[in-house]
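Participant: Each residue of the sequence shown is one higher than the last, beginning at 4 in our numbering.
Glycine included, each C-beta is placed from N, C-alpha and C at the ideal position.
On a predicted model such as this, the values are computed, not experimentally measured, just so you know.
Got a structure for you, questions after.
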Amino acid sequence: MQNPADFITHYGSVYFDYDVDTSLFSVPQFRGCDEILQAGHNVSGIYTIFPAGFNDGLQVNCDMKSDGGGWIVIQRRQDGSVDFYRTRNWADYQVGFGSLSGEFWLGNDNLRSLTETEGKWQLRIDLEDWENNTAWAEYDDFQIHGDNYTLQVNSYNTRSTAGDSLTYHNGMMFSTKDRDNDKDSRVCARLHVAATFMALCLLITKNNASYHNGMMRSTKATDNENSPNLCARQRKGTCRLLQT
């Protein structure tokens, strides 16, 4: 931790004394937001976790409320304050950008390192459109692997209200406007003004420029008639991970 003042932000209250008889102890290094929650810390916010491969820790935003809590937030869009496309290239998505307290992308390298560890990961996506309609989707098997960040996603939760927009893209690689890894002859990341996992130019998540009027539409309709095209006209969205 570079700034000692950040210690309290991550670990809570700190007390100092000069009594040589005071027992020494180490601050626990939690591997994920779920362990932090199990330890009694139920307030959503920014924490430092120490999953396998992150010896220096990884600063994340933990959601302690949604669906039981313990989620690592990997993406959040809420007000359009952060550009997710126009100035973003492969390198930006590789390392991540934005602010954990606002809009951000955690980074493909981090996602790969997290999900390539032992155990299974759940993915939860929460969406809100311009009319304040909300929907969510969960997948019980999620992983990003390989140098091109190939998507592995299975076990869609049928209780989800947003429809299954990701299973179709299982096995697809990540694409940006400067690196085209989809299976279409066109550069889909440019065509859809987006950076994401793509196949045949079908839009899934919304790492794209903001559109108020719903002009950005997927060619594949949602499976849920109660939230038509919600993903395609999303205003706000949050993606979360949970290790199982």
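#1: Determine the closest residue to Phe-177 out of Gly-166, Asn-111, Asn-64, Ala-42, with distance taken between C-alpha atoms.
#2: Looking at the unbroken alpha helix (DSSP H) that takes in Glu-38, where does it start and where does it end?
#3: Give a yes or no on whether the C-beta atoms belonging to Ser-84 and Met-67 are separated by under 8 Å.
#4: For Ala-165, count neighbouring C-beta atoms within 10 Å of its own C-beta (all shown protein chains included) and say buried if the count is 16 or more, exposed if not.
#5: Just the Cα atoms here: how many angstroms apart are Tyr-159 and Gly-60?
#6: In angstroms, rounded to a whole number, what distance separates the CA positions of Gln-125 and Ser-69?
#7: Provide the residue span of the alpha helix (DSSP H) that contains Ala-248, from first to last.
#8: Using the Cα positions of Asn-92 and Thr-161, report the straight-line distance between them to the nearest angstrom.
#9: DSSP has Leu-61 in a bridge; who is on the other side?
#10: My output table needs one value for Thr-170: the three-state DSSP class, helix, strand or coil.
#11: For Thr-241, count neighbouring Cβ atoms within 10 angstroms of its own Cβ and tell me buried if that reaches 16, exposed if not.
#12: By alpha-carbon positions, which one of Arg-80, Gln-97, Arg-127 ends up nearest to Thr-153?
#13: So the alpha helix (DSSP H) Ser-116 belongs to, where does it begin and stop?
#14: So for Gly-71, helix, strand or coil by DSSP?
Facilitator: Reading from the atomic positions:
#1: Asn-111
#2: Here the alpha helix (DSSP H) through Glu-38 covers 36–41.
#3: The Cβ atoms of Ser-84 and Met-67 lie no closer than 8 Å to each other.
#4: buried
#5: 30 Å
#6: C-alpha separation (whole angstroms): 13 Å.
#7: Residue coverage of the chain in this structure runs from 4 to 247, which leaves residue 248 outside it and unanswerable.
#8: 34 Å
#9: Bridge pairing for Leu-61: Ile-52 [DSSP].
#10: If DSSP states are grouped into helix, strand and coil, Thr-170 belongs with the helices.
#11: buried
#12: Gln-97
#13: 111–118
#14: Gly-71 falls in the helix class under three-state DSSP.
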